[in-house]
Amino acid sequence: MSPGTGAALRLLAATVDAKAVAEIGTGTGVSGIHLLHGMRPDGVLTTVDPEPDRQQFARQAFRAAGFASNRARFIPGRALDVLPRLADAGYDLVFCDGDRLECLDYLAESLRLLRTGGLVVFEGVFADGRTVESGPQPAEVGRLRELLRAVRESQDLVPSLLPVGDGLLCGVKR
Numbered sequence: 001m002s003p004g005t006g007a008a009l010r011l012l013a014a015t016v017d018a019k020a021v022a023e024i025g026t027g028t029g030v031s032g033i034h035l036l037h038g039m040r041p042d043g044v045l046t047t048v049d050p051e052p053d054r055q056q057f058a059r060q061a062f063r064a065a066g067f068a069s070n071r072a073r074f075i076p077g078r079a080l081d082v083l084p085r086l087a088d089a090g091y092d093l094v095f096c097d098g099d100r101l102e103c104l105d106y107l108a109e110s111l112r113l114l115r116t117g118g119l120v121v122f123e124g125v126f127a128d129g130r131t132v133e134s135g136p137q138p139a140e141v142g143r144l145r146e147l148l149r150a151v152r153e154s155q156d157l158v159p160s161l162l163p164v165g166d167g168l169l170c171g172v173k174r
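So the sequence shown is residues 1 to 174, counted in our numbering.
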């Protein structure tokens, strides 16, 4: 994750005064650290990842960054298996950095999870420039193009595309 992307995540979490954030794709914890820095001091990050090893690494990274263990809830599993179990309208921000082939499903779940005024954010929507290139592309690029179109045309979201890092697609829930 680029420093600009991290700064944008921190800013977005602070902008919505995030107390509850859901993250799809824990990774090594870098994005989670940026989100936690932007969240309220009593905020909790719920992070979902199918790889428990990554979550353990992230847990150590959060601790090293000075966050108490009660600031993050780690849920191992596939996002599309876990997200339906999370509370409707219970989140201020949903950050999506998981399987790009599932991004449209993440969007649907995010709309359910977000409160009115909440924010959904998708990382990597430029796909290293491939979303704007013509010619044949991998299935994940086609899916990202569908996501961009769906967010732009959604009556439920106020959309924005931030040109930081590999692109952040954002939408505020109406």
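C-beta atoms are modelled at their ideal positions from N, C-alpha and C, and glycine is treated no differently.
If you're wondering where the values come from, they're calculated on a predicted model, not measured in any experiment.
The beta carbons of E51 and L101 sit no closer together than 8 Å.
Taking a contact as a CB-CB distance under 8 Å, the pair V158 and L169 does not count as one, their CB atoms being some 12 Å apart. Put simply, the backbone Cα of D53 is about 27 Å away from that of D92. Assigned with DSSP and collapsed to three states, T28 falls in coil, not helix or strand.
Taking the Cα positions, L83 is about 18 Å away from L147. Buried is the label assigned to Q55, since at least 16 other Cβ atoms lie within 10 Å of its Cβ.
Bounds of the alpha helix (DSSP H) holding F62 are P52 to A64.
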